[in-house]
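Numbering (our numbering), first residue to last: 182 to 301.
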């Protein structure tokens, strides 16, 4: 059997739900030196998203954050934007496509972008 045909290799996403997202977010709090965090295409939802926003303040070197298709809404987008704005991380990439984010979160996201000069 070759690795390229393995089921593990073909699996593109884990589909972590809310409970798993909370546990993962809490575990990630001790990863202060992480540079890239890619959680795309899971089913976090609001509760796990808020938990993730709380862990973001512990990162000091995070440059890339991929949060697309996590089933996030305005409340979470605002919490994440505020956390990123206040954290020491030199964020360059923030991806949040495919979530249920509306115009209600735009001012918090805009403030984050204004604060993080290198953010794309």
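Cβ atoms here follow ideal geometry from the backbone N, Cα and C, with glycine treated the same way.
With 16 other Cβ atoms within 10 Å as the buried cut-off, status of residue i
{"i": "residue 208", "result": "exposed"}
{"i": "residue 190", "result": "Since pLDDT at residue 190 reaches only 42, below the 50 mark, its modelled position is unreliable, and the value read off the structure follows with that caveat. Classification for residue 190: exposed."}
{"i": "residue 293", "result": "buried"}
{"i": "residue 240", "result": "buried"}
{"i": "residue 229", "result": "buried"}
{"i": "residue 269", "result": "exposed"}
{"i": "residue 195", "result": "exposed"}
{"i": "residue 204", "result": "exposed"}
{"i": "residue 264", "result": "buried"}
{"i": "residue 257", "result": "buried"}
{"i": "residue 291", "result": "exposed"}
{"i": "residue 274", "result": "exposed"}
{"i": "residue 186", "result": "Any answer about residue 186 is weak, because its pLDDT of 43 lies below 50 and its placement is not dependable; what the coordinates show is given next. It is exposed - the Cβ of residue 186 has fewer than 16 other Cβ atoms within 10 Å."}
{"i": "residue 284", "result": "exposed"}
{"i": "residue 280", "result": "buried"}
{"i": "residue 188", "result": "Reliability of the predicted coordinates at residue 188 is poor, the pLDDT of 42 falling under 50, and no value is obtained from them."}
Candidates the options: closest to residue i by CA position
{"i": "residue 266", "options": "226, 237, 203", "result": "237"}
{"i": "residue 224", "options": "199, 211, 246", "result": "199"}
{"i": "residue 202", "options": "214, 298, 226, 282", "result": "226"}
{"i": "residue 282", "options": "261, 213, 216, 212", "result": "261"}
{"i": "residue 255", "options": "245, 246, 276, 289", "result": "289"}
Beta-carbon proximity check, residue i vs residue j, cutoff 7 angstroms
{"i": "residue 295", "j": "residue 259", "result": "no"}
{"i": "residue 219", "j": "residue 250", "result": "no"}
{"i": "residue 206", "j": "residue 248", "result": "no"}
Whole-number beta carbon distance between residue j and residue i, since they are thought to touch under 8 angstroms
{"i": "residue 243", "j": "residue 272", "result": "6 angstroms"}
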